[in-house]
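Novice:
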Amino acid sequence: MLSSAGIVLSACDSTPKLSEDNIDDVIAAMTLEEKAHLVVGTGMAGFAGDSAVVGETKALVPGAAGTTYPIERLGIPAVVLADGPAGLRINPTRDGDSATYYCTHFPIGTLLASTWDTTLVEEVGQAIGNEVLEYGADVLLAPALNIHRNPLCGRNFEYYSEDPLIAGKIAAAYVRGVQSQGVGTSIKHFAVNNQESNRMGNDARLSQRALREIYLKGFEIAVKESNPWTVMSSYNYVNGTYASESSELLNTVLRDDWNYPGMVMTDWFGGKDAVAQMIAGNDMLQPGTDKQYKAIIDGVTSGTLDEKILDRNVRRILEMIVKTPHFRGYEFSNNPDLKAHAQVTRRSATDGMVLLKNDNEALPIPADIKKAALIGCTSYDFIAGGTGSGNVNRAYTVSLLEGLENAGFSINPDLQKRYETHLESEKIRLTPDSLERLSAFMPQPRPEELKLSKAELSDLARDNDIAIITIGRTSGEFLDRTVGDFNLKESETELIKNTCDAFHAQGKRAVVILNIGGVIETASWKQYPDAILCAWQPGQEGGNSVADVLTGKANPSGKLPMTFPIAYEDHASSASFPAEGAVSEFGAERKDGGDKPLWDFTPYNEDIYVGYRYFDSFDKNVSYPFGYGLSYTQFEYGTPRLSENDGTFTVSVNVRNIGKTPGKEVVELYVSAPQSKANNKPEHELKAFVKTGLLAPGESETVNLTVDSSDLASFSIDKSAWVVDEGTYTFAIGASSRDIKCSLTTFVAPARTIAVSQALAPESDLQLLKR
Ligand code: BGC
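Per the working numbering, the sequence shown starts with residue 3, numbered consecutively.
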């Protein structure tokens, strides 16, 4: 062909280059091999210089978890996928490069959920998204929103809550924040990934009702309210089928019922059968293996995989790619404003810390108290976050020691020295076996507590004004926690008790800080200290954030997004959770026909009775209830008003700060539905929440909590529908699930049924808990 200028145009000039408007043309121009490459990522042999190891690739952005396959002739760039969720996880240094690539370690997911503040979480998301953008990544593998079914799940720290409304709302806010920066997210792990033990082979067996109401609900909210670019399917089976191979999960529920338009990718090396994954609508397999590539080519050539299905998946991947910074040619700076983000994490962490106890206004610490005895190894070796893919390679972690020093405290130097020497020797003792492949990725044992004699403690009490004792816990991928980790060690309880006794004997206060990623036992020792602050794992500025709260610079306004039970065994799921802490092998597959309970399969017999739905419905005493958290000030609730407009209920209530300190209050709306044997409803369920702005003493705010009538429904397995029963509903305003301030009733009629697809039925009978 001759152009008007007489130049010979080669045939490849007609090859389309990817743009937003020509995706179909590009697919038509792709070879089968190119399509198969695109759907399996670059972790396969043969791709220039890159081969995925556990959760990391070296090309483009070193330390990112994965990349997609570039096809230059069609203008398809490689895009970079990186963890999540407490910040961007990439390598901080690069071979032959003196620059550093540290990212901000923000607070863990559980702390963000404890803020109950979607505006704040959106702000944190913006800062995280900005680092994703400026370090040259495209999709953040976060947020993680699996339900805290049981306190021992090793990854609960990444997750939000035992309640799906909080999980969904917080996740949606996080996604909106990150995606506002022009980069994507991957909400994970879809779905029912509630244990680490045999996570790649465990079959979660549960009722369709528990699925819809508890385990899918948060994802449904996040999908509908924030439209994440991608969804990550989980490792486990759901009622007999791998999540990544489940057409009912990915096509029927996610796409048909919820109208999700985006792309689904596997969790790293998840699932077994690449063809089944393609058919199920799991568009991309990450990080991608040669075996999967071949299986897809063979599938199409042998007719077991319709090429149209491959095209459908390719289309969804291309629709994602055209939105990315790499595709847009964004020139990233490798220089995000880490100083500004340090302030974001410092501030946001204080809003998610939960003040569990504060007798006689022990906190905030009065300005004239400056001499502190800092007790507990974790005070000096503070924990920013959990381990595994949820870790962030940060430049520093501010310990509590440093945070308190920055705030003007003088820390007992002899004690400090003793702890530092002790920590050095513990470090040597606990150094992991370097031959263990995954050890650096996994939680390391915490140091043993230093034993301080009563006489020593008495001297410390004489020489200091206050004792601050930190209890630490860490956990992460591959491993669930144990009951021993949930309970305090004898040495820890003794340390708390003896320290408190010694300080109280001299009329001085003692405070406990919990630097933890998940729930621990509190009932047996909480009587000893004057105050307990659950600081969670608050990110790299942790020590400064805790000091801000201890000094009153920040008034804690977090509330628990889960229940603290009296004993581990009080949890309804404790009878069916693997509490031995067995390590999951990476890439381990379930043996077909494997029948070891809690390893090969886990029956969710507690059904919908997860967390407070169980404790409050079955009248179980708890140590700290769901939704609980104190403040340095007090709030008074006015008389609520309930109105209804076109199927939407609004409860308005005035909240006044009647104390002496500015503060924010989380207002919680619980709904009790009419009870019948057939609907087997929990006592009440959280249906809305709002956090007030910072209220000055005397100031008040009227908050509005809205509930759509469809949110009142239960899932009926028989009808495969959401059913709103006719009858009297109670709308209760609470400061926690057990501190109901006021309530109203309303008659809802007529009954409503909203049909959804029949999907994901369990293969075997379950012994479901009923009220
Ligand atoms: C984790 C995911 C993570 C992925 C990539 C997997 O082991 O389960 O949450 O995004 O690795 O690092």
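Glycine is no exception: its CB is placed at the ideal position from the N, C-alpha and C atoms.
(1) Counting only runs of 3+ residues fully inside the stretch 178–218, write out the beta strand (DSSP E) ranges in chain order.
(2) Answer yes or no: do residue 748 and residue 671 have a C-beta to C-beta separation smaller than 7 Å?
(3) Does the distance from the CB of residue 153 to the CB of residue 220 come in under 7 Å?
(4) With a threshold of 8 Å on Cβ separation, who are the neighbours of residue 185 within its own chain once the five nearest residues in sequence on each side are excluded?
(5) Is any heavy atom of ligand 1 found at a distance shorter than 6 Å from the C-beta of residue 143?
(6) What does a CB cutoff of less than 6 Å around residue 760 pick up in its chain, not counting 5 residues either side in sequence?
(7) Excluding the 5 residues preceding and the 5 following residue 177 in the sequence, name in chain order all residues of the same chain whose CB lies nearer than 6 Å to its CB.
(8) Considering only heavy atoms of ligand 1, does any lie closer than 6 Å to the CB of residue 270?
(9) Using beta-carbon positions only, say whether residue 110 and residue 539 come within less than 7 Å of one another.
(10) Consider the C-beta atom of residue 391 and the heavy atoms of ligand 1; say whether any pair is separated by less than 6 Å.
(11) Assuming contact is defined by CB atoms lying nearer than 7 Å, are residue 107 and residue 541 in contact in what I supplied?
(12) I believe residue 290 touches residue 400 by the beta-carbon criterion, under 8 Å. Please report the beta-carbon distance rounded to the nearest angstrom.
(13) Give a yes or no on whether the C-beta atoms belonging to residue 565 and residue 624 are separated by under 7 Å.
(14) Compute the Euclidean distance between the alpha carbons of residue 683 and residue 755, then round it to the nearest angstrom.
(15) Nearest-angstrom Cα distance between residue 10 and residue 76?
(16) Does the beta-carbon distance from residue 245 to residue 609 come in below 7 Å?
(17) Grouping DSSP H, G and I as helix and E and B as strand, with all else coil, what is residue 379?
(18) With 16 other CB atoms within 10 Å as the buried threshold, where does residue 89 fall?
(19) If you check the beta carbons only, do residue 280 and residue 315 fall under 7 Å apart?
(20) Do residue 237 and residue 207 come within 7 Å of each other at the CB atom, strictly closer than that value?
(21) Should the stretch 343–358 be regarded as contacting the stretch 545–564, the criterion being three or more beta carbon pairs within less than 8 Å?
(22) Since residue 488 is in the beta strand (DSSP E), which residue starts that stretch and which ends it?
(23) Distance check for residue 581 and residue 496, CA to CA, integer angstroms please.
(24) In this structure, does DSSP put residue 443 in helix, strand or coil?
(25) Would you kindly report the start and end of the unbroken beta strand (DSSP E) that includes residue 535?
(26) Please report the distance separating the alpha-carbon of residue 773 from that of residue 413.
(27) Please report the straight-line C-alpha distance between residue 711 and residue 705, rounded to a whole angstrom.
(28) Tell me whether the stretch 109–127 and the stretch 690–698 touch, counting them as touching only if at least three CB pairs, one residue from each stretch, are closer than 8 Å.
(29) Does any heavy atom of ligand 1 sit closer than 6 Å to the C-beta of residue 482?
(30) Are residue 371 and residue 467 touching if we call contact CB-CB under 7 Å?
(31) In the DSSP assignment, what are the bridge partners of residue 560?
(32) Three or more C-beta pairs under 8 Å: does that hold for the stretch 519–533 against the stretch 362–371?
(33) Can you check which of these residues, 312, 426, 82, is closest to residue 334 by C-alpha distance?
(34) Would the beta-carbon of residue 140 be found less than 6 Å away from any heavy atom of ligand 1?
(35) Let me know if residue 660 comes out buried or exposed under the rule of 16 or more other beta-carbons within 10 Å of its beta-carbon.
(36) By alpha-carbon positions, which one of 234, 500, 737, 382 ends up nearest to residue 191?
Specialist: The short version:
(1) Taking 3 residues as the shortest admissible run, the stretch 178–218 contains the following complete beta strand (DSSP E) segments, listed from N- to C-terminal end: 186–192, 205–207.
(2) For the pair residue 748 and residue 671, the CB atoms are not nearer than the 7 Å cut-off.
(3) no
(4) 131, 134, 135, 139, 140, 141, 142, 326, 327
(5) yes
(6) Cβ contact annotation for residue 760 (same chain, cutoff 6 Å, sequence separation greater than five): 722, in chain order.
(7) 187, 228, 230
(8) yes
(9) yes
(10) yes
(11) yes
(12) Not confirmed; about 39 Å, so no contact.
(13) Against a cut-off of 7 Å, the Cβ pair of residue 624 and residue 565 comes out as a contact.
(14) 16 Å
(15) Caution is warranted here: a pLDDT of 45 is assigned to residue 10, below 50, making its placement in the model unreliable, and the coordinate value is therefore given only provisionally. Approximately 21 Å between the Cα atoms of the pair.
(16) no
(17) helix
(18) buried
(19) yes
(20) no
(21) yes
(22) Unbroken run through residue 488 is the alpha helix (DSSP H), 485–488; no beta strand (DSSP E).
(23) 25 Å
(24) helix
(25) 533–536
(26) 53 Å
(27) 19 Å
(28) yes
(29) no
(30) Yes; because the gap between Cβ atoms is below 7 Å, this pair is in contact.
(31) Its beta-bridge partners do not exist; DSSP assigns none.
(32) Contact holds: three or more Cβ-Cβ distances are below 8 Å.
(33) 82
(34) no
(35) exposed
(36) 234
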